[in-house]
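A.B. asks: In UniProt numbering, the protein residues as written are 1 to 638.
Ideal Cβ placement from N, Cα and C applies to all residues, glycine included.
Bear in mind the structure is a predicted one, so any value in this text is a computation, not a measurement.
Following this message is one structure expressed as structure tokens.
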Amino acid sequence: MRYSLRARTKLLTHEDTNDPPLKLKKKPEKGRKKIKKQTKRERLSKKMLAQKLRRAKIKLDPKLHEAQKMQERERWKRRRAAGKVKLIHDMTPREKRIVRMRRKISARKHSAKQLRTASEMTLSVQQVATAEVVSSVVFQGPSLAEQQTPSISCYCAINKNTKNIKRANQKNALRKKKKNISKTYQRCVTLEKKFTNLQRTHWRLLKTQKKSEPLSDSPPSRINREFKGRQLDPITKKRLIFGEVLKDQIAESANNKSTKTKQAFYKLLSGKVIKKYRMLHMTKNMLSRPLLQKYMKNDDGLNYTRVSKIKVRHTEVKEFYARDDISSKCPDKKAYVISYKNGKMKKRKRILQGKLTDLYSKYSSECSQKNVKPLSYTVFCRLKPFFVVHQKASERDTCLCKYCENFTMKVEALHRISVIRESTPYKVMSAVTCNAQNDDCLIRKCVSCKDKSIDFSTEVSNETIVKYSEWDKNVDKKTVKVDKSSDLLMFKSIFLDSLITYQHHYFKQKHQHEVLKNKRENLADGEIYIHCDFSENYGCKYTKEIQPMYYGGNREEISIHTGVLYTKNKSYAFCTLSRNGRHDAPAIWAHLLKVFKHFMPKFCGISKVHIQRLRHYGDSVEPFLSRRFGDNLETGRR
């Protein structure tokens with residue numbers, strides 16, 4: 001039902017005045033409108049509006065609202081127990097991504113809805129203010145308080161106007177969408193026509209190209225062209241085609257890069273049968289005339305054995321790099337190098353024993369002894385295998401055991417000259433014992449293997465000079481690596497003495513490790529276990545330093561004492577720092593005193609302290625600890 005503008009203005013304001021109700025003029029209708037059938041979208045929006053009203057009504061009543069929340073909680077618990085609802089930590093990575101994407105989309109929709117609501121509220125307030133101004137100008141009667149508060153009918157009209165605006169916006173959006181769809185459809189039709197035209201052009205060009213191409217030169221085609229219009233026997237035709245095929249095969253094989261294959265075909269086609277029937281001229285389009293004449297005159301056999309000397313020299317250089325005196329294998333089981341140059345290739349890493357210049361000098365001297373000219377230094381460096389590398393500074397092995405290293409170098413010296421088959425100390429121990437992990441076998445108390453000895457090779461003379469290295473103290477009482485040499489007979493006795501010493505050392509190391517591990521894992525209540533050690537001293541640096549500070553050795557060093565304290569159920573790591581660089585007994589006690597002061601208040605009833613110390617601690621620290629703990633102290637050395 002439509003009203004005029006004047007009547008609509010009066011409808012907005014007649015309740016705010018004392019005037020009698022206005023009579024609205026009804027516009028004449030052109031015809032009765034048909035009731036449209038609701039669409040699915042309209043039905044859904046109507047249903048959603050009814051649900052919103054129902055929820056709003058429940059929220060207004062506190063009891064109903066609380067009952068609804070309780071019902072929702074119970075429903076959620078039932079769904080959670082049934083496994084229909086998953087928490088974020090129960091989901092798979094794919095489900096997590098889907099849930100997070102949905103949350104992002106809903107958050108965007110919510111923020112867009114809030115923006116729309118805010119803009120609509122602003123528009124509504126502006127319309128209300130306009131309606132109040134119009135009512136105050138047209139009618140005189142409402143008080144100041146009534147002018148400030150809009151009436152219910154005014155709000156109803158504003159809401160209706162807002163709906164009309166929203167409907168108009170929706171129509172505009174729908175119109176734009178239809179327009180875009182129409183444009184896209186027209187563009188697709190145009191592109192489809194262009195594609196069809198291009199396809200026709202393509203096929204036309206292909207037909208033209210086929211017509212301009214030369215005729216096929218296959219053996220059957222050549223025979224058909226040669227005997228066109230003649231009736232041939234099928235067997236004769238087969239023989240003719242076979243001859244043409246054989247001709248093509250000979251021409252293809254003669255162009256092979258392999259010299260052996262060329263020799264074979266030239267010898268074959270320069271034989272007596274071809275010469276007898278004078279068919280040599282038939283090969284002029286297939287083979288080289290000079291080479292054919294060469295092999296016709298030469299009746300010697302084929303020279304098939306041609307090995308490249310360069311490949312042999314390259315192989316010799318690679319074998320030189322892989323020698324034990326040039327490079328050594330890494331003992332780490334994970335020390336592998338992988339190359340992807342010619343497919344995946346995995347090799348154990350080898351460490352070079354010197355500079356490439358020194359190794360090249362050694363290689364050159366060996367070549368001169370064989371009366372062979374050595375390869376250049378550039379080629380020598382380029383032929384270095386990918387698994388032979390220089391040792392990095394970060395991969396150095398430090399703080400190794402003196403007994404273990406000295407015996408290892410003796411084993412390597414004997415293995416290098418093939419006196420023994422074993423290449424590691426453990427293999428040597430396994431060769432002279434029943435079981436290298438048995439205590440009786442290690443300390444030579446086993447009845448079966450106490451008299452067992454290592455098998456030395458008799459092929460090497462006892463007068464052979466053996467060169468080996470050993471860690472020892474020099475005249476200045478500094479530990480250095482000394483190169484020594486001895487005849488094989490004397491070195492065998494030295495080696496056997498070192499073997500007995502090493503076996504006892506290995507037994508002590510193994511036994512102490514087992515005892516300390518057992519004690520650490522089976523602590524009683526009131527017992528603590530401390531494993532401590534000094535680390536390397538750290539040098540202090542300034543951001544900016546003068547020259548005497550950098551070169552004069554004036555930097556201050558900090559001593560760091562690290563360790564782990566174990567209780568029955570827990571472990572604690574600790575570290576103490578000191579500007580004093582001493583590592584003697586008073587310094588150790590000073591560091592441990594700080595540890596005890598820090599940890600003792602945390603543990604009540606400590607009755608026994610176990611301290612695992614390293615070899616360089618020495619025995620001088622025990623008196624300091626004994627004075628503090630008395631009989632409640634146990635120390636172990638690793």
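Output the residue ranges of the alpha helix (DSSP H) runs that lie fully inside the stretch 556-617 and measure 4 residues or longer, sorted by chain position.
C.D. replies: Here the runs fully enclosed are 585-599.
A.B. asks: Alpha helix (DSSP H) containing PHE407: first to last residue?
C.D. replies: If you number the sequence shown from 1, residue 407 lands on position 407. PHE407 -> alpha helix (DSSP H) spans 402-416.
A.B. asks: Let me confirm a value: VAL85 is counted as buried when at least 16 other C-beta atoms fall within 10 Å, else exposed. Which label applies?
C.D. replies: On the sequence shown, position 85 is the one that residue 85 refers to. VAL85 comes out exposed.
A.B. asks: Spatial neighbours of ASN406 within its chain, please: C-beta separation below 8 Å, excluding the five flanking residues on both sides.
C.D. replies: On the sequence shown, position 406 is the one that residue 406 refers to. GLU470, TRP471, SER498, listed in sequence order.
A.B. asks: Under the three-state reduction of DSSP, which class applies to VAL460: helix, strand or coil?
C.D. replies: In the sequence shown, residue 460 corresponds to position 460, counting from 1. Reduced to three states, the DSSP call for VAL460 is coil.
A.B. asks: State buried or exposed for SER339, treating a residue as buried only when at least 16 other CB atoms are found within 10 Å of its CB.
C.D. replies: What you label residue 339 is simply residue 339 of the sequence shown in a count that begins at 1. That one is exposed.
A.B. asks: Determine the direct distance from the alpha carbon of THR201 to that of GLU212, and round the result to whole angstroms.
C.D. replies: In the sequence shown, the residue the question calls residue 212 occupies position 212. In the sequence shown, the residue the question calls residue 201 occupies position 201. This sequence places Ser at residue 212; Glu is not what is there. Distance between the alpha carbons of SER212 and THR201: 17 Å.
A.B. asks: So, do the stretch 419-432 and the stretch 367-381 have three or more beta carbon pairs nearer to each other than 8 Å?
C.D. replies: no
A.B. asks: Where does CYS532 fall in DSSP's three states?
C.D. replies: The residue given as residue 532 occupies position 532 in the sequence shown. DSSP places CYS532 in strand when its eight states are reduced to three.
A.B. asks: Using only CA atoms, which one of LYS373, GLU319, TYR403, SER364 lies nearest to PHE387?
C.D. replies: Within the sequence shown, the letter at position 387 stands for residue 387. Nearest of LYS373, GLU319, TYR403, SER364 to PHE387, Cα basis: GLU319.
A.B. asks: Would you report the Cα separation of ILE152 and ARG97, rounded to the nearest angstrom?
C.D. replies: What you label residue 152 is simply residue 152 of the sequence shown in a count that begins at 1. What you label residue 97 is simply residue 97 of the sequence shown in a count that begins at 1. Confidence in ILE152 is poor, its pLDDT being 42 and thus under 50, which makes the residue's placement unreliable; the coordinate value appears in the next sentence. Distance between the alpha carbons of ILE152 and ARG97: 49 Å.
A.B. asks: Would you report the Cα separation of VAL411 and VAL515, rounded to the nearest angstrom?
C.D. replies: Mapped onto the sequence shown, residue 411 falls at position 411. Mapped onto the sequence shown, residue 515 falls at position 515. VAL411 and VAL515: Cα-Cα distance of roughly 29 Å.
A.B. asks: Beta strand (DSSP E) containing ASP487: first to last residue?
C.D. replies: Residue mapping note: residue 487 aligns to position 487 of the sequence shown, counting from 1. Per DSSP, ASP487 belongs to the beta strand (DSSP E) from 479-487.
A.B. asks: Check whether the Cβ atoms of CYS575 and ILE560 lie closer than 8 Å to each other.
C.D. replies: In the sequence shown, the residue the question calls residue 575 occupies position 575. In the sequence shown, the residue the question calls residue 560 occupies position 560. Their beta carbons are under 8 Å apart, which means CYS575 touches ILE560 by this criterion.
A.B. asks: Go ahead and label GLN209 buried or exposed: buried means 16 or more other beta carbons lie within 10 angstroms of its beta carbon, across all protein chains shown.
C.D. replies: For the purposes of this step, residue 209 is identified with residue 209 of the sequence shown, where counting begins at 1. That one is exposed.
A.B. asks: When the Cα atoms are used, what is the spatial distance from residue 641 to GLU545?
C.D. replies: Since the first residue of the chain shown is 1 and the last is 638, residue 641 is not available in this structure.
A.B. asks: Can you give the Cα-Cα distance for ALA173 and LYS166, rounded to whole angstroms?
C.D. replies: To locate residue 173, count along the sequence shown from 1; it is residue 173. To locate residue 166, count along the sequence shown from 1; it is residue 166. Near 10 Å, if we compare the C-alpha coordinates of LYS166 and ALA173.
A.B. asks: Taking only the alpha-carbon atoms, compute the straight-line gap between SER461 and SER418 and give it to the nearest angstrom.
C.D. replies: As a working note, residue 461 is residue 461 in the sequence shown. As a working note, residue 418 is residue 418 in the sequence shown. C-alpha separation (whole angstroms): 11 Å.
A.B. asks: Taking only three categories from DSSP, how would you classify ARG102?
C.D. replies: Indexing the sequence shown from 1 puts residue 102 at position 102. Correct three-state label for ARG102: helix.
A.B. asks: Can you grab the Cα-Cα spacing for the pair ARG55 / TYR185, in whole Å?
C.D. replies: Along the sequence shown, one-based indexing puts residue 55 at 55. Along the sequence shown, one-based indexing puts residue 185 at 185. The alpha-carbon separation between ARG55 and TYR185 amounts to approximately 44 Å.
A.B. asks: Straight-line CA distance for ARG100 to GLU74?
C.D. replies: Here the question's residue 100 lines up with position 100 in the sequence shown. Here the question's residue 74 lines up with position 74 in the sequence shown. Going from the Cα of ARG100 to the Cα of GLU74 covers about 25 Å.
A.B. asks: Measuring alpha carbon to alpha carbon, tell me which of TYR403, TYR550, LYS473, VAL447 ends up nearest LYS508.
C.D. replies: In the sequence shown, residue 508 corresponds to position 508, counting from 1. Of the listed residues, the one whose Cα sits closest to LYS508 is TYR403.
A.B. asks: Could you check the C-alpha separation between GLU556 and GLU459 for me, to the nearest Å?
C.D. replies: Position 556 of the sequence shown, counted from the start, is the residue given in the question as residue 556. Position 459 of the sequence shown, counted from the start, is the residue given in the question as residue 459. Between GLU556 and GLU459, the C-alpha separation is close to 59 Å.
A.B. asks: Whole beta strand (DSSP E) runs in the stretch 201-279 with 3 or more residues, listed along the chain?
C.D. replies: Runs found: none.
A.B. asks: DSSP three-state label for residue 641, please.
C.D. replies: The requested residue 641 does not occur in the structure, where the chain is confined to residues 1 to 638.
A.B. asks: Going by other Cβ atoms of all chains shown within 10 Å of its Cβ, with 16 needed for buried, is GLY612 buried or exposed?
C.D. replies: Taking the sequence shown and counting its residues from 1, the one referred to as residue 612 is at position 612. The sequence shown places Gln at residue 612, rather than the Gly named in the question. GLN612 should be labelled buried.
A.B. asks: Over what stretch of residues does the beta strand (DSSP E) that includes VAL466 continue unbroken?
C.D. replies: Stepping through the sequence shown from its first residue, residue 466 is reached at position 466. Counting along the chain, the beta strand (DSSP E) containing VAL466 begins and ends at 465-473.
A.B. asks: Rounded to whole angstroms, what's the CA-CA distance from THR261 to LEU489? Just pull it up for me.
C.D. replies: Position 261 of the sequence shown, counted from the start, is the residue given in the question as residue 261. Position 489 of the sequence shown, counted from the start, is the residue given in the question as residue 489. Going by the C-alpha atoms only, they are around 59 Å apart.
A.B. asks: Given that a residue counts as buried once 16 or more other Cβ atoms are within 10 Å of its Cβ, and exposed if not, what is ILE235?
C.D. replies: The residue given as residue 235 occupies position 235 in the sequence shown. Counting of Cβ neighbours within 10 angstroms places ILE235 among the exposed residues, the total staying below 16.
A.B. asks: Give the single residue among ALA413, ASN474, GLN503 whose Cα lies nearest to the Cα of ALA436.
C.D. replies: Residue mapping note: residue 436 aligns to position 436 of the sequence shown, counting from 1. Minimum Cα distance to ALA436 is reached at GLN503.
A.B. asks: With contact counted as at least three CB pairs below 8 Å, one residue from each stretch, are the stretch 588-601 and the stretch 512-526 in contact?
C.D. replies: no
A.B. asks: Taking only runs of the alpha helix (DSSP H) that begin and end inside the stretch 484-526, which ones reach a length of at least 4 residues, in chain order?
C.D. replies: 488-521
A.B. asks: Roughly how many angstroms lie between the CA atoms of LEU400 and SER423, to the nearest whole one?
C.D. replies: On the sequence shown, position 400 is the one that residue 400 refers to. On the sequence shown, position 423 is the one that residue 423 refers to. In a straight line, the C-alpha of LEU400 is about 19 Å away from that of SER423.
A.B. asks: Taking the straight line between their C-alpha atoms, what separation do you get for residue 659 and HIS583?
C.D. replies: The structure shown does not extend to residue 659, since the chain is modelled only from 1 to 638, so the question has no answer here.
A.B. asks: Between VAL337, LEU352, ARG444, which has its C-alpha nearest MET345's C-alpha?
C.D. replies: Stepping through the sequence shown from its first residue, residue 345 is reached at position 345. When each option's Cα is compared against that of MET345, the closest is VAL337.
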